[in-house]
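Trainee:
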Amino acid sequence: MAKYLVIVESPAKVKTIKKFLGSNYDVAASGGHVRDLPKSQLGIDIEHDYEPKYITIRGKGELLADLRKKVKKADKIFLATDPDREGEAISWHLSKALKLEDNRMARISFNEITKNAVKASLKEPRDIDMNLVNAQQTRRILDRMVGYRISPLLWAKVKRGLSAGRVQSVALRIIADREEEIDAFIPEEYWTLDANFGIPGEKKVLVAKFYGDKDGKRTIRNEEELNQILKDLEGADYQVADVKTGERIKKPPLPFTTSTLQQEASKLLNFSTQKTMRLAQQLYEGIEIAGNGTVGVISYLRTDSTRISDEADANARAYVEEVYGKDYVTTAQASSSKGKKIQDAHEAIRPTDITRLPAMLKESLSRDQFRLYQLIWKRFTASRMSPARYETTSIKIDARDYRFTVAASRLAFDGFMSVYEIDDEEKQQNNVLARQITTDTQIHLNEFDQKQHFTQPPAHYTEATLVKTLEELGIGRPSTYAPTITTIIARRYVAKENKNLYLTELGDVVNSIMKQSFPSIVDVNFTANMEGLLDCVEEGTVNWKTVVSNFYPDLRDAVEKAEKELEQVKIEDEVTDVICEECGRNMVIKYGPHGRFLACPGFPDCRNTKPYLEKVGVTCPKCGKEIVLRKTKKGRRYYGCEDNPECDFMSWQKPSQEKCPECGGYMVEKGSKLVCANEHCGYVKVINKEKKEKTS
1 MAKYLVIVES PAKVKTIKKF LGSNYDVAAS GGHVRDLPKS QLGIDIEHDY EPKYITIRGK
61 GELLADLRKK VKKADKIFLA TDPDREGEAI SWHLSKALKL EDNRMARISF NEITKNAVKA
121 SLKEPRDIDM NLVNAQQTRR ILDRMVGYRI SPLLWAKVKR GLSAGRVQSV ALRIIADREE
181 EIDAFIPEEY WTLDANFGIP GEKKVLVAKF YGDKDGKRTI RNEEELNQIL KDLEGADYQV
241 ADVKTGERIK KPPLPFTTST LQQEASKLLN FSTQKTMRLA QQLYEGIEIA GNGTVGVISY
301 LRTDSTRISD EADANARAYV EEVYGKDYVT TAQASSSKGK KIQDAHEAIR PTDITRLPAM
361 LKESLSRDQF RLYQLIWKRF TASRMSPARY ETTSIKIDAR DYRFTVAASR LAFDGFMSVY
421 EIDDEEKQQN NVLARQITTD TQIHLNEFDQ KQHFTQPPAH YTEATLVKTL EELGIGRPST
481 YAPTITTIIA RRYVAKENKN LYLTELGDVV NSIMKQSFPS IVDVNFTANM EGLLDCVEEG
541 TVNWKTVVSN FYPDLRDAVE KAEKELEQVK IEDEVTDVIC EECGRNMVIK YGPHGRFLAC
601 PGFPDCRNTK PYLEKVGVTC PKCGKEIVLR KTKKGRRYYG CEDNPECDFM SWQKPSQEKC
661 PECGGYMVEK GSKLVCANEH CGYVKVINKE KKEKTS
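Under full-length UniProt numbering, read the sequence shown as residues 1 to 696, first letter to last.
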């Protein structure tokens, strides 16, 4: 009979850990949380010091009954839930739900599911860390307050299936703000000028870029400036004015944190953040490997630390030396704190055994599991290797008052790049010098290569860049990035097309209301400060009820104020001139979870509905019919012709009725300006704001 009971979170771990511990141990799983706040009410006693009212999660009664039987038979119970705030809270909830006595209970945690790690954790049992538990409780209660106080208000007042969240609403605002930047962006023209030089005895030409003149670096803004430079250079002699050689070091990457893993998996493997976390969870909990049984092949996946244990570091260095040679082993200890608190004493994400090469696991893993494991393995191995070294050459070529430059580099030592390439910036270097060039080298101009360019607007956020931004701003934690992004996409506030995240009409409405009625909730600094307070709760320097009691009254006041204000702008059904073909009534504009649509007011007798196409008062530049506001399948807004598909006109920006006085093309609205849609024209006109306000 088992003397000890070990309770883990995931059933997938049970078999693996049982195998490590033998017959004296019974291993059971809680399946995640067993208690939570009730779904039917706020679940926080505002009148009595904000005490949370926890109840058993529906469907967990039978599991808890089974665990109670196992607890009765055991001499000692080890709570082995995940090593983070959430895991600590689950252990605490288990201790309450199972009524565990302190003398029979201990908390253990391990960063990887390996025999050594699990057995080592049993030698270091500890008490439940109530600071960690309270940090989790605070986050849960704050999220519940925001969700349960604001969401019903949005639903009732704006007649949509809307909802708000403490972190998701800030993420939505960040995307909305970027969309505004892009909409208001006006491209600026500039030109590049390359000079192709011949060198006696060399087949390959030397390509030099225009740098500037005697006053320094210069941008060529238009074709007139370019032509003037070309005119000034007619018949000029070109000489090599300066040659500098040097060395450039490229440092190895740090091992993965949750955030950097999500970013790289998105960029290199095209995985969503949700998919990355799901696959990483599987690799952490254990994979069936032929001859070894179930083995956890990576360390814990929710971490913002780049620290590596001494044992793992030593093993990695030994492996690198054996396979690649002594020169490839890093001499420095790679680490990064970025000047901020790193949550939890976790390690970075790494393979549990560096000698378990990706190729050895290929047959045991699915294609996507293999690709993610290979990425983690390569990144970790590279982090223990030497920097790459480049020999660089910088050449200045002068002609009259103008200067051209050449930057060339050659990989002298590949170091960590023999395992892992960070990006393809090196591939973009097309100048590899065929021979040594000095100030005495004779060169002659073959030809110029000139190109027109336009500055580009800021890029739309992708999942990877949004995660990076959230992390840089201190919003959310490793465990929250994936669910936050998944939520705003699932609720159709944001559309994901070709990796890019676009604001939908629905997302625009939600964001506008949140900015107007709950500015602090969607304030980036406020949310980041709240994360800082949660860290203070975890450190034990701030009482968790102080955080909650300071937050709630302001939220309550904002909700009460918004209830009054939103009542005044309650949207009535707008009658249109569209006639219902089934009963002859004038159809009205209704609001649904996916935006506006036309419905017959005779419901339920007549259930006719159709898409609502909002006319914007502009005629189509192609066919002269009306321009309407349309949406892509995923909800991204654009302007198109009402006669689509016969007329294929479309524009992401709102077209203007005013024609371009320079080229006769149509113009679009960008912030407070009208811009010609033909970027080669570049005509810009400032809109008279007063006139615009009167006509809007």
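All C-beta atoms, glycine included, are put in the ideal place defined by N, C-alpha and C.
Tell me which same chain residues have a C-beta within less than 8 Å of the C-beta of residue 469, skipping the five on either side of it?
Mentor: 174, 461
Trainee: Report the residue from 169, 176, 165, 146 whose alpha carbon sits nearest the alpha carbon of residue 501.
Mentor: Of the candidates 169, 176, 165, 146, the one whose C-alpha sits nearest the C-alpha of residue 501 is 176.
Trainee: Among residues of its own chain, excluding the 5 on either side of residue 392, which ones have a beta-carbon nearer than 6 Å to its beta-carbon?
Mentor: 246, 248, 409
Trainee: Check the DSSP bridge columns for residue 213 and list the partner residues they point to.
Mentor: 216, 402
Trainee: Would you kindly check if the distance between the Cβ of residue 10 and the Cβ of residue 94 is under 8 Å?
Mentor: no
Trainee: Under the three-state reduction of DSSP, which class applies to residue 680: helix, strand or coil?
Mentor: coil
Trainee: Is residue 443 close to chain C? Criterion is C-beta to C-beta, closer than 8 Å.
Mentor: No chain C is present in this structure, which holds just one protein chain.
Trainee: Report yes if the C-beta distance between residue 104 and residue 128 is below 8 Å; otherwise report no.
Mentor: no
Trainee: Judging by CA-CA distance, which residue of 239, 144, 85 is the nearest neighbour of residue 167?
Mentor: Checked all of 239, 144, 85; the closest Cα to residue 167 is 144.
Trainee: In chain order, what residues of the same chain have a beta carbon less than 6 Å from the beta carbon of residue 126, not counting five sequence neighbours either side?
Mentor: 107
Trainee: What is the rounded straight-line gap between the Cα of residue 250 and the Cα of residue 91?
Mentor: 44 Å
Trainee: Between the beta-carbon of residue 5 and the beta-carbon of residue 28, is there less than 8 Å?
Mentor: yes
Trainee: Is it the case that the Cβ atoms of residue 517 and residue 562 are separated by a distance below 8 Å?
Mentor: Contact flag set, yes.
Trainee: Could you pull the DSSP bridge partners for residue 29 from this structure?
Mentor: 8
Trainee: Between the alpha carbons of residue 123 and residue 8, how many angstroms are there, rounded?
Mentor: 17 Å
Trainee: Would you be able to state if there are at least three C-beta pairs under 8 Å between the region 211 to 218 and the region 399 to 413?
Mentor: yes
Trainee: For the ligand SAM, is there any heavy atom lying closer than 7 Å to the beta carbon of residue 417?
Mentor: The ligand SAM is not among the ligands present in this structure, which contains no ligands whatsoever.
Trainee: Determine the DSSP secondary structure at residue 630, reduced to helix, strand or coil.
Mentor: Strand, per DSSP.
Trainee: Measure the C-alpha to C-alpha separation of residue 700 and residue 231 and round it to an integer number of angstroms.
Mentor: Shown here, the chain extends from 1 to 696; a query on residue 700 therefore has no answer.
Trainee: By DSSP, does residue 544 sit in helix, in strand, or in coil?
Mentor: helix
Trainee: Look at the alpha carbon of residue 512 and the alpha carbon of residue 226, and state the distance between them as a whole number of angstroms.
Mentor: 45 Å
Trainee: Can you tell me whether residue 552 is helix, strand or coil according to DSSP?
Mentor: helix
Trainee: Out of 170, 222, 179, 205, which has the shortest C-alpha to C-alpha gap to residue 188?
Mentor: 222
Trainee: Could you pull the start and end residues of the beta strand (DSSP E) that residue 439 belongs to?
Mentor: First-last for residue 439: undefined, no H or E at that position.
Trainee: Nearest by alpha-carbon distance to residue 378: which of 418, 641, 210 is it?
Mentor: 418
Trainee: Consult DSSP for residue 574 and reduce its assignment to one of helix, strand or coil.
Mentor: strand
Trainee: Going along the chain, which residues of its own chain have a beta-carbon closer than 8 Å to the beta-carbon of residue 662, five neighbours each way excluded?
Mentor: 676, 681, 683
Trainee: What does DSSP give as the partner residues of residue 458 in its beta bridges?
Mentor: Bridge partners of residue 458: none, in fact.
Trainee: By the three-class DSSP mapping on this structure, what secondary structure does residue 639 have?
Mentor: In the structure shown, residue 639 falls within a strand segment according to DSSP collapsed to helix, strand and coil.
Trainee: Apply the 10 Å Cβ neighbour rule to residue 242 and answer buried if 16 or more other Cβ atoms are within range, or exposed otherwise.
Mentor: exposed
Trainee: Determine the burial state of residue 301: buried for a count of at least 16 other Cβ atoms within 10 Å of its Cβ, exposed for fewer.
Mentor: buried
Trainee: Kindly identify the DSSP beta-bridge partner or partners of residue 651.
Mentor: Paired residues: 639.
Trainee: With 16 as the cutoff for other CB atoms within 10 Å, does residue 385 come out buried or exposed?
Mentor: buried
Trainee: Could you give the first and the last residue of the continuous alpha helix (DSSP H) run that contains residue 524?
Mentor: 524 to 539
Trainee: With respect to the beta strand (DSSP E) encompassing residue 276, which residues constitute its N-terminal and C-terminal limits?
Mentor: Run containing residue 276: none in the beta strand (DSSP E); it sits in the alpha helix (DSSP H), 273 to 285.
Trainee: Could you tell me if residue 62 is buried or exposed, where buried requires 16 or more neighbouring beta carbons within 10 angstroms of its beta carbon?
Mentor: Label assigned to residue 62: exposed.
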